[in-house]
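Structure first, then comments.
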Amino acid sequence: MKPSTAIVLVLGVVAQYVALATAAGPKVIIVGAGMSGISAGKRLSEAGITDLVILEATDRIGGRIHKEKFAGVNVEMGANWVEGVNGDEMNPIWTMANGTGGLNLRTFRSDFDHLAGNTYKQDGGLYDEKVVEKIIERMEEVEESGSKLSGTLHASGQQDMSVMAMQRLNDHMPSGPATPVDMVIDYYQHDFEFAEPPRVTSLQNTQPLPTFNNFGDDVYFVADQRGYESVVYHVAGQYLKTDRKSGAITDPRLKLNTVVREITYFPSGVAVRTEDNKVYRADYVVVSASLGVLQTDLIRFKPQLPSWKIVSIYQFDMAVYTKIFLKFPKRFWPEGPGKEFFLYASGRRGYFPVWQQFEKQYPGSNVLLVTVTDDESRRIEQQSDNQTMAEAVAVLRKMFPGKEVPDATEILVPRWWSNRFFKGTFSNWPIGVNRYEYDLIRAPVGRVYFTGEHTSEKYNGYVHGAYLAGIDSADILINCAKKKMCKYNVKGKHD
């Protein structure tokens, strides 16, 4: 039997009896229908590999790009911005979202230039704008020095250091950010982008940051009622059959609510077993599950992945970034030009720190967004929404002591870390990791290929990183399947 022949094994209710159904099946199985999995499928199809099936654990495509109805509007639970716009190179996601022939999504340029005038004290009232400006200016000076230092470090990563170590080398807050305002500015500059603090984030891989260095410094907030996920549907629609009226994917090669639990790989092919005990066989499998999932036992590999692969998977961090939406019966926060974002300087680092109001994006919605990350995200995921709502409203009452701050009427708390199909939001750059480790985490193991934003050497953590990673990983597979170039070379760490 040829390896490309699909076999579906259905385990019957009666013990020791197995019903076997055969059909012409996929040559390639793609595990996961997030941006990278959908992107990989498109690239494979362009190369003539159309004999494929996509197994998606949830009831939708898009992965960590997901809209949800809240307070009468669709908001984004996960990815929300097109990051890196108006630079020398064109961000491929921006091309699809708002470029010529694109989707013309409703987007808004985010302006963070007025934070110095919108930073609130722990017990209410605004900090003096000039005081905050000096802190931000000093932070930017240190970041610039850090970028210069980063450029002098050996490409192997052996001289890499944490962003915090770089700050100390520049005598920046030598004892750490001690005051609430120092802490919230430090948080905004680092945690708000990478979802982890400077003490664990790599200098060499984040300064300068390739996304902004290559694609531009501007970021655009997606507030389209079709959802940011329409970009994923746009890619999928180029090779999967869709309903013309609704836009829904009707292609039988996409199988939703299909949870992969085991991947067995042989010299001649692969077998993928799902939670309902069906087994799909093919020549190759592309695993686009998140890094967080790879770090759990949701998907077991038989035989076990080699030690170099396991080590590479655990060398990367899966960060947690939580956007909490709150609906109020009326507005009490400042609005107008320069008032979209505001900070809360708590003595507890990362405690409800970064706020956004939606005067332009969702007019009349009376919705606020507050972002938390890392340990605060995990804490909030484990408590009730009512508790989180009470905490957030208490913070707002401290920020605006002269205002009548009503109770929130609705709250939406994403739980990416608790969700077994994601186990986090995006990967972060660990210290000492470089091209070598990225090559390892992207490298195939036999007929098992890997993709995802965590396999993007320059753009991990971003939507464009997931999209480009899908293309890169598909190209590696195509070289093997079509050109018989199956050897994947990983240069030495110090080469």
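Residue 625 is where the sequence shown starts when you use my numbering, and the numbers rise one by one after that.
Even glycine gets a Cβ: it sits at the ideal position worked out from N, Cα and C.
What's the gap between the Cα of residue i and the Cα of residue j?
i	j	result
Val-883	Gln-782	39 Å
Lys-1107	Asn-1113	16 Å
Gln-813	Gln-980	16 Å
Asn-710	Phe-732	13 Å
Val-909	Met-942	23 Å
Ala-648	Ala-1016	Bear in mind that a pLDDT of 38 at Ala-648, under 50, signals an unreliable position, so the model cannot answer this.
Tyr-1062	Glu-1081	6 Å
Ser-663	Ala-1067	18 Å
Asn-901	Pro-1038	30 Å
Leu-1064	Ser-936	6 Å
Glu-1000	Phe-966	19 Å
Glu-964	Gln-862	37 Å
Gln-828	Gln-791	13 Å
Ala-681	Asp-1096	23 Å
Arg-667	Pro-798	49 Å
Ala-645	Asp-712	With a pLDDT of 31 at Ala-645, under the threshold of 50, the modelled position of this residue cannot be trusted; read the value that follows with caution. Straight-line Cα distance between these residues: approximately 53 Å.
Trp-1040	Asp-998	11 Å
Asn-704	Phe-845	6 Å
Glu-670	Ala-895	24 Å
Val-996	Lys-754	26 Å
Tyr-857	Asp-842	24 Å
Leu-1036	Arg-1003	15 Å
Asp-675	Thr-835	34 Å
Leu-1101	Asn-881	26 Å
Glu-654	Asp-1031	Correcting the residue type first, residue 654 is Ile in the shown sequence and not Glu. C-alpha separation (whole angstroms): 46 Å.
From the DSSP secondary-structure annotation, give me the bridge partner or partners of residue i.
i	result
Asp-941	Asn-1052
Phe-845	Trp-705, Phe-732
Tyr-863	None; Tyr-863 has no bridge partner.
Glu-700	Lys-691
Leu-750	Tyr-744
Lys-1047	Answer is none; Lys-1047 lacks a bridge partner.
Ser-786	Ser-826
Lys-879	Leu-679
Leu-1036	Phe-949
Ile-654	Ile-678, Val-910
Ile-887	Val-896, Phe-925
Gly-840	None, per the DSSP bridge assignment.
Ile-717	DSSP lists no partner for Ile-717.
Gly-686	Gly-658
Ile-873	Thr-866
Enumerate in chain order the residues of its own chain whose CB-to-CB distance from residue i is below 6 Å, with the five nearest sequence positions on each side excluded.
i	result
Gly-594	The structure shown does not extend to residue 594, since the chain is modelled only from 625 to 1119, so the question has no answer here.
Ser-660	Ser-912, Thr-1075, Gly-1076, Ala-1090, Ala-1093, Gly-1094
Val-824	none
Asn-698	Lys-691, Gln-849, Gly-851
Asn-742	Phe-966
Gly-1070	Tyr-889
If you count every other CB in all the chains shown that lies within 10 Å of the CB of residue i, and 16 or more means buried, which is it?
i	result
Asn-1058	buried
Met-1109	exposed
Val-634	Residue confidence for Val-634 is low, a pLDDT of 33 falling below 50, so the modelled location carries little weight and cannot support an answer.
His-778	exposed
Lys-1115	exposed
Trp-932	exposed
Pro-953	exposed
Tyr-904	buried
Asn-618	Because the chain here runs from 625 to 1119, residue 618 falls outside it and cannot be looked at.
Lys-984	exposed
Arg-868	exposed
Tyr-945	buried
Gln-1011	exposed
Pro-876	exposed
Phe-694	buried
Val-637	For Val-637, the predicted model reports a pLDDT of 27, less than 50, meaning its position is unreliable; a value from the coordinates is still stated below. Classification for Val-637: exposed.
Ala-1018	exposed
Arg-897	buried
Ala-872	exposed
Tyr-595	Absent from the model: residue 595. The displayed extent of the chain is 625 to 1119, so no value can be given.
Report all residues from its chain with a CB closer than 7 Å to the CB of residue i; omit the five preceding and five following residues, and keep chain order.
i	result
Phe-956	Phe-1024, Lys-1027, Glu-1028, Val-1029
Asn-1121	Absent from the model: residue 1121. The displayed extent of the chain is 625 to 1119, so no value can be given.
Tyr-811	Arg-973, Gly-974, Pro-977
Kindly list the residues whose CB is nearer than 8 Å to the CB of residue i, restricted to its own chain and excluding five residues on each side of it in sequence; keep chain order.
i	result
Gln-1006	Ser-1042
Val-917	Ile-923, Arg-1044, Phe-1045, Phe-1046, Lys-1047
Glu-853	Arg-684, Ile-685, Gly-686, Ile-689, His-690, Lys-691
Asp-921	none
Given the structure, does residue i come close to the ligand FAD, in the sense that its CB is under 7 Å from one of the ligand's heavy atoms?
i	result
Tyr-844	Of ligands this structure carries none, so the ligand FAD is not represented either.
Item checked: Continuous alpha helix (DSSP H) assignments of at least 4 residues falling wholly in the region 797-831 -> If one requires a minimum length of 4 residues, the alpha helix (DSSP H) runs lying completely within the region 797-831 are 804-813, 815-818, in chain order.
Checklist line | Runs of beta strand (DSSP E) wholly within the region 964-1021 (minimum 3 residues, chain order) | finding: Whole beta strand (DSSP E) segments, 3+ residues: 965-968, 978-981, 991-997.
Checklist line | Segments assigned alpha helix (DSSP H), at least 4 residues, entirely inside the region 896-946 | finding: If we require 4 residues or more, the alpha helix (DSSP H) runs fully inside the region 896-946 come out as 915-918, 931-938.
Check: Which parts of the region 1053-1104 are runs of the beta strand (DSSP E), unbroken and 3 residues or longer, counting only runs that do not cross its ends?
Finding: Those beta strand (DSSP E) runs which fall completely within the region 1053-1104 and span 3+ residues are 1072-1074.
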